[in-house]
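Input: a single structure, listed below in structure tokens.
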């Protein structure tokens, strides 16, 4: 006698496949919804021009200025030279400083006591007459007597500013060899003498740009 065995499909398999398909479709719809968006832009029809300014400082001799040699200085002698500084750029400046270098350093520029010293004055509201040393405006002292030995290592503050673009600063540079005593014996100069020395000086003025500003408009 043969037994008849009847098989039945596994319950839920079709439903599982269908549910998975529906879930995947839902995920696709959800993901698509995350990345879909509306966009809009706006721009200026006329291009905006933006430019940076320039900071330029130039120096010109007034009279002989720094171009003429100074010879045979004796202790106590004072020699005045005149120069003009112009703000040639479109930006103003500030914090003007002075330094000096000597191409052939000697006691003239290394001795802070007996070496050369300089004072700096400005003629505001006028100009210097390089022939007689007079100012047609007001004399403004900027730097008191300062040893060149000091200026060689540390720039000195001369004018804090502001220095407007296009403005000119008229300066008197007064160079002096300080009073001192030396004795030459039978034509022999004393040791460590200040006599018979020379210097090749480069005067350097340095400034910073004007204070940064905020503009509205």
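In our numbering, the protein residues as written are 38 to 254. Where is the CB? At the ideal position from N, CA and C, for every residue including glycine. As the structure is a computational prediction, the values presented were derived from the model and not from experiment.
- Around the beta carbon of residue 120, 16 or more other beta carbons lie within 10 angstroms, which makes this residue buried.
- Apart from the 5 residues on each side of it in sequence, residue 125 sits with its Cβ closer than 6 angstroms to the Cβ of 93, 95 in its chain, given in chain order.
- Within 10 angstroms of the beta-carbon of residue 226 lie fewer than 16 other beta-carbons, which makes it exposed.
- Under DSSP, residue 119 takes part in a beta bridge, and its partners are 99, 209.
- Counting only unbroken stretches of 4 or more residues, the alpha helix (DSSP H) elements lying wholly within the segment 143 to 224 are 144 to 147, 185 to 190, in sequence order.
- Bounds of the beta strand (DSSP E) holding residue 137 are 130 to 139.
- At the C-beta level, residue 248 and residue 133 stay beyond 8 angstroms of one another.
- Residue 191 and residue 173 have their C-alpha atoms roughly 32 angstroms apart.
- With 16 or more other Cβ atoms inside 10 Å of its own Cβ, residue 154 counts as buried.
- Within its own chain, the residues whose Cβ lies closer than 7 angstroms to the Cβ of residue 103, once the five positions on either side in sequence are excluded, are 118, 120, 240, listed in chain order.
- Pairing residue 146 with residue 228 gives a Cβ-Cβ distance that is not under 8 angstroms.
- Minimum Cα-Cα distance from residue 135 among the listed residues 242, 246, 253 corresponds to 242.
- Non-local beta-carbon contacts of residue 91 in its own chain, meaning distances under 7 angstroms to residues more than five positions away in sequence, involve 126, 127, 128 in chain order.
- Annotation: residue 157 to residue 233 spans about 26 angstroms, alpha carbon to alpha carbon.
- Counted as a single uninterrupted DSSP element, the beta strand (DSSP E) harbouring residue 241 occupies residues 238 to 246.
- DSSP lists 124 as the beta-bridge partner residues of residue 94.
- Distances from the alpha-carbon of residue 203 to those of 113, 122, 80, 84 put 122 closest.
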